[in-house]
Amino acid sequence: VGHIDWHQEDGPFAVAYLDGTIKLGWIEKESHIVACKAHETGINNIKWDPRGILLASISPDNTCKIWKLSDDKLVLLHMLIVSHKPTSLLWSPLVGEGPTPLLIAIGTDYGTVNVWKLPNEENKHNKVPVLVMNAQGHPNNSVSSLSIDKTGLLLASGCLEGLVGVVNIWSLHDGSLVHTLTGNGGVYSNGMCWLDPTTTSQ
1 VGHIDWHQED GPFAVAYLDG TIKLGWIEKE SHIVACKAHE TGINNIKWDP
51 RGILLASISP DNTCKIWKLS DDKLVLLHML IVSHKPTSLL WSPLVGEGPT
101 PLLIAIGTDY GTVNVWKLPN EENKHNKVPV LVMNAQGHPN NSVSSLSIDK
151 TGLLLASGCL EGLVGVVNIW SLHDGSLVHT LTGNGGVYSN GMCWLDPTTT
201 SQ
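So for the sequence shown, UniProt numbering puts the first residue at 1; every next one is plus one.
Take a look at the structure:
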């Protein structure tokens, strides 16, 4: 088992395996399992969207795939091509208005941070994902951790490698670099959180 994500108790929990398989299970349906060969290589991370409807998976095959459970099957809605191997993944906690209300951030092993606007499941046929940010914030160091503040306006990215841990704060409004924090050592996966709209903890 590589990764597990669970949105809420009465919904399915998602399990990512090292062979590229995703399985969904339910605590109220102990024998019911949905399995899908999601990637030919391993899976680096999986995350449910803030509504618990869409599931994102990233893989060393340079893709991020967006899935939806339909008729007891995981159906592929979108495939995002990432220029480098994706290493971290995060949905914005806020769901916006209009045909592309979802936002997803992906960090890579090259130190880049990509942010995409995604259509919801109702607009999957007439709208496509749009890349709204592609920033180089951690040159040649893998992005190990991502965190979006509660307002949905600021994105923090951190890297694991190097003697000095670097955390960059980005504006999700225009993709600009707002602030850089440094510390001793790197930032582990899930090693950052926002205490309030102006303060991060690592």
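Glycine residues also receive a C-beta, built at the ideal position from the N, C-alpha and C atoms.
Asked, Found
"Output needed for Pro99: all residues of its chain with C-beta closer than 8 Å, excluding positions within five of it in sequence on either side, in chain order.", "Pro119, Asn120, Asn123, Asn126 and Lys127"
"Whole angstroms are fine: how far does the CA of Lys65 sit from the CA of Gly25?", "19 Å"
"Run through the region 132-157 for me and flag every whole beta strand (DSSP E) of 3 or more residues, listed as ranges in chain order.", "143-148"
"Step through the CB atoms of chain C and report whether any lies within less than 7 Å of the CB of Leu54.", "Any reference to chain C falls outside this structure, which holds one protein chain only."
"Return the CA-CA distance between Lys150 and Gly42, expressed in angstroms with no decimal places.", "31 Å"
"Mapping DSSP to helix, strand and coil, what is Asn62?", "coil"
"Return the CA-CA distance between residue 208 and Val34, expressed in angstroms with no decimal places.", "Summary: the structure shown does not reach residue 208, with the chain confined to residues 1 through 202, and so no result is reported for it."
"From which residue to which residue does the beta strand (DSSP E) around Met79 run?", "Lys73 to Ile81"
"Out of Ile27, Asn140, Asn114 and Val143, state which residue places its alpha-carbon closest to the alpha-carbon of Val130.", "Asn114"
"For Asn168 and Leu195, I'd like the C-alpha separation in whole angstroms.", "16 Å"
"Please name the residue in Cys193, Ile81, Asp72 and Met192 whose C-alpha comes closest to that of Cys36.", "Asp72"
"Which residue's Cα is closest to the Cα of Ser92: Ala16, His173, Gly2 and Asn44?", "His173"
"For His78, count neighbouring C-beta atoms within 10 Å of its own C-beta (all shown protein chains included) and say buried if the count is 16 or more, exposed if not.", "buried"
"On the three-state DSSP scale, how would you describe Asn190?", "coil"
"In whole angstroms, what is the alpha-carbon distance linking Gly52 and Glu28?", "17 Å"
"Considering only the alpha carbon of each residue, which of His32, Ser88, Ala135 and Ile106 lies closest to Pro12?", "His32"
"Output the boundary residues of the beta strand (DSSP E) element that contains Pro86.", "Pro86 to Trp91"
"Report the rounded CA-to-CA distance for residue 206 versus Pro60, giving the unit in angstroms.", "Past the edges of the chain, shown from 1 to 202, lies residue 206, and the structure says nothing about it."
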